[in-house]
Amino acid sequence: MAKLTVKDLKAHGKQVFVRVDYNVPLEEQNGVMVITDDTRIRATLPTLECLIKEGAKIILTAHLGRPKGKREATMSLAPVAVRLSELIGKKVVFVNDCIGEEVEKAVAAMSPGDVVLLENVRYYAEEEKNDPVFAEKLAKIAELYVNDAFGAAHRAHASTEGVARIVAARGGQCAAGLLMERELKFLGDELDKAERPFVVILGGAKVSDKITVIDRLLDKADTILIGGAMAYTFRLAQGYKTGKSLVETDKVDVAKGALDKAKAKGVKFLLPIDDIVATPVKTDKLDKKGKPVIEWQNPTENPQMDCADDVAGLDVGPKTVELFSSEIAKAKTILWNGPMGLFEDKRFAQGTFGVAKAVAEVTQKNGAKSIIGGGDSVKAINKSGLASQVTFMSTGGGASLEFLEGKVLPGVAALTDI
Ligand code: AMP
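Just so we're aligned, residue 1 is where the sequence shown starts under the working numbering, counting upward by one.
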């Protein structure tokens with residue numbers, strides 16, 4: 001599934017519609033929206049530098065937040081234009097809309113190497129519906145198409161899929177940006193022909209979210225290490241007590257199926273052998289969804305596989321970290337998706353940080369390839385301070401998971417094959 005990349009485009013003087021992921025966190029400070037983390041903007045710089053050098057006319061399109069088809073001032077991309085201009089040391093023209101006359105005027109005034117950023121594409125409800133009329137309006141100024149927004153590639157929206165189809169139908173080329181190219185290389189090619197031993201580490205909340213990935217990786221991996229709340233559904237399947245731990249009782253059969261498949265395939269499938277448990281206490285406070293906030297009291301090491309009735313397992317224990325680390329140390333390829341525990345609370349972060357340390361060590365010392373498959377595991381690696389010591393961290397959450405499941409992502413499928 002090799003795709004054309006931005007390096008292959010003859011883009012000089014051409015109007016290139018570039019879909020980027022500028023869904024950055026913003027915070028209101030003294031009535032002004034301020035970007036609190038510009039990682040996503042920085043991540044697009046290699047693609048932009050490539051196009052600027054080529055002398056393309058770069059028209060950037062992105063979404064920010066969930067404005068649900070309305071103009072929502074707090075979700076404007078205007079602050080991104082200012083930050084991007086600082087980063088590339090060049091003027092970025094911001095257009096207050098993503099379709100229509102204003103866009104056409106701004107594009108008509110462009111010279112080779114100029115950069116224009118259009119307003120939030122999700123101000124139109126038609127974007128998420130992949131409305132063909134809206135896609136035509138977006139594509140009006142597009143001669144070539146580039147997608148560098150891997151994190152949005154699992155959605156067939158107008159700017160991620162519709163515009164690419166229109167450009168292709170007109171005979172224009174559609175290419176992957178350099179960030180997208182790296183995602184496809186590491187989550188795709190590198191895992192398809194993974195050097196062995198191939199160790200997969202899976203954690204996070206639910207078996208149901210990851211079962212398709214588990215099933216697919218059981219065909220490829222030598223070892224699978226399971227942590228996080230999802231381990232308790234497997235423990236239940238093995239007949240252990242899980243106390244108040246987060247379990248999916250309706251997924252016990254699915255867990256049993258995975259355990260049987262691992263046995264049949266000779267895949268080493270390891271579950272935690274100890275954990276950190278705590279007592280849940282309901283508080284008067286409510287979370288964002290209006291549910292009572294649970295306070296976890298009395299964190300304790302539990303050196304066995306059974307969990308007492310009145311406590312929940314919130315992290316893997318030290319013996320598990322040791323066991324998992326010894327498996328990780330043998331790996332030549334590692335894929336990690338999902339934290340080992342409730343790492344947002346530092347009392348339950350040691351399992352995740354311990355595994356992160358082992359992954360960083362085998363990467364640095366043995367030259368293993370370590371691929372961090374997006375979402376919370378990336379947050380956890382960043383928190384552990386080891387981000388620079390792993391091979392690759394995906395920028396996608398849902399997109400990474402769907403790609404690892406083997407699904408065809410509409411935003412990738414729409415790009416030109418080579
Ligand atoms: P996921 O999005 O499925 O990767 O799940 C990540 C979330 O699972 C994080 O917010 C973790 O805090 C949470 N999590 C991981 N392990 C546990 C656990 N043992 N109990 C409760 N939540 C957990």
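For glycine and all other residues, C-beta sits at the position ideal for the given N, C-alpha and C.
Starting from residue i, follow the alpha helix (DSSP H) in both directions and report where the run begins and ends.
{"i": "Q389", "result": "It is not in any alpha helix (DSSP H) - Q389 carries neither H nor E in the DSSP assignment."}
{"i": "C98", "result": "That residue, C98, is in no alpha helix (DSSP H); it is neither H nor E in DSSP."}
{"i": "N23", "result": "Run containing N23: none; DSSP gives neither H nor E here."}
{"i": "E301", "result": "Where E301 is concerned, there is no enclosing alpha helix (DSSP H), although the beta strand (DSSP E) it sits in stretches over 292-302."}
{"i": "V133", "result": "132-139"}
{"i": "V121", "result": "That residue, V121, is in no alpha helix (DSSP H); it is neither H nor E in DSSP."}
{"i": "S326", "result": "318-328"}
{"i": "S370", "result": "Run containing S370: none in the alpha helix (DSSP H); it sits in the beta strand (DSSP E), 369-372."}
{"i": "I226", "result": "Careful: I226 lies outside any alpha helix (DSSP H), inside the beta strand (DSSP E) at 223-226."}
{"i": "L178", "result": "178-184"}
Do you know whose CA, among the options, lies nearest residue i's CA?
{"i": "T283", "options": "L202, A331, V293, A229", "result": "V293"}
{"i": "D376", "options": "T395, S370, A237", "result": "T395"}
{"i": "T160", "options": "E49, V32, N147", "result": "N147"}
{"i": "T212", "options": "A229, K261, V103, T416", "result": "K261"}
{"i": "V378", "options": "K265, L409, E405, F343", "result": "F343"}
{"i": "A368", "options": "A329, F134, A278", "result": "A329"}
{"i": "E104", "options": "I418, E143, I381, P299", "result": "E143"}
{"i": "F94", "options": "E322, K3, V82, V390", "result": "V82"}
{"i": "K57", "options": "E402, I88, A387, K14", "result": "K14"}
{"i": "F392", "options": "D274, L409, V408, N337", "result": "N337"}
{"i": "E12", "options": "M110, A349, Q297, V24", "result": "Position check: residue 12 holds His in this sequence, whereas Glu was assumed. When only C-alpha atoms are compared, the closest one is M110."}
{"i": "G31", "options": "P79, D37, G398", "result": "P79"}
{"i": "G177", "options": "A135, E402, V16, S326", "result": "V16"}
{"i": "D306", "options": "I372, V359, G239", "result": "G239"}
{"i": "A237", "options": "S245, L246, K256, A231", "result": "K256"}
{"i": "K185", "options": "A2, A399, D417, G385", "result": "A2"}
{"i": "E54", "options": "D114, K383, A106, G151", "result": "D114"}
{"i": "S400", "options": "G151, P67, E28, V254", "result": "G151"}
{"i": "G373", "options": "E402, Q364, R347", "result": "E402"}
{"i": "Q304", "options": "Y232, E181, K265, K291", "result": "Y232"}
{"i": "W296", "options": "D310, G290, K289", "result": "D310"}
{"i": "D345", "options": "A356, E101, K383", "result": "K383"}
{"i": "G227", "options": "S245, L202, S208", "result": "L202"}
Assuming contact is defined by CB atoms lying nearer than 8 Å, are residue i and residue j in contact in what I supplied?
{"i": "I166", "j": "A125", "result": "no"}
{"i": "G351", "j": "A308", "result": "no"}
{"i": "I52", "j": "V18", "result": "no"}
{"i": "A43", "j": "V412", "result": "no"}
{"i": "Y22", "j": "L77", "result": "yes"}
{"i": "L179", "j": "T47", "result": "yes"}
{"i": "L87", "j": "I41", "result": "yes"}
{"i": "A312", "j": "P280", "result": "yes"}
{"i": "A61", "j": "C98", "result": "Here the sequence assigns Thr to residue 61, which means Ala is not the residue at that position. Yes, these two residues count as a Cβ contact at 8 Å."}
{"i": "L386", "j": "A360", "result": "yes"}
{"i": "V277", "j": "L314", "result": "yes"}
{"i": "I418", "j": "E190", "result": "no"}
{"i": "A156", "j": "P410", "result": "yes"}
{"i": "E327", "j": "V199", "result": "yes"}
{"i": "A358", "j": "S325", "result": "yes"}
{"i": "A106", "j": "V92", "result": "no"}
At which residues does the beta strand (DSSP E) containing residue i begin and terminate?
{"i": "Y145", "result": "144-147"}
{"i": "V200", "result": "198-202"}
{"i": "D310", "result": "No beta strand (DSSP E) holds D310; DSSP gives it neither H nor E."}
{"i": "I52", "result": "Premise fails: I52 lies in the alpha helix (DSSP H), 45-54, not in any beta strand (DSSP E)."}
{"i": "M33", "result": "32-35"}
{"i": "P280", "result": "275-286"}
{"i": "K268", "result": "268-270"}
{"i": "I334", "result": "333-337"}
Does the beta carbon of residue i come closer than 8 Å to any beta carbon on chain D?
{"i": "L117", "result": "No chain D appears in this structure, which consists of one protein chain only."}
Flag residue i as yes when its Cβ comes closer than 7 Å to any non-hydrogen atom of the ligand AMP, and as no otherwise.
{"i": "K206", "result": "yes"}
{"i": "F343", "result": "yes"}
{"i": "D460", "result": "Residue 460 lies beyond the residue range present for the chain, which begins at 1 and ends at 418; the question has no answer from this structure."}
{"i": "A149", "result": "no"}
{"i": "P339", "result": "yes"}
{"i": "A349", "result": "no"}
{"i": "L246", "result": "yes"}
{"i": "L335", "result": "no"}
{"i": "D376", "result": "yes"}
{"i": "L218", "result": "no"}
{"i": "A229", "result": "yes"}
{"i": "G290", "result": "no"}
{"i": "G313", "result": "yes"}
{"i": "G203", "result": "yes"}
- Task: Could you say if the region 65-76 and the region 119-126 meet the contact criterion of at least three C-beta pairs nearer than 8 Å?
- Result: yes
* Asked: Using 8 Å as the Cβ pair cut-off and three pairs as the minimum, do the region 8-19 and the region 167-181 touch?
  -> yes
Q) Are the region 181-196 and the region 320-335 touching, with three or more C-beta to C-beta distances below 8 Å? A) yes
Worksheet item: Do three or more CB pairs link the region 247-259 to the region 313-324 at distances below 8 Å?
Response: no
Q. Is the number of C-beta pairs between the region 267-275 and the region 223-240 that are closer than 8 Å three or more?
A. yes
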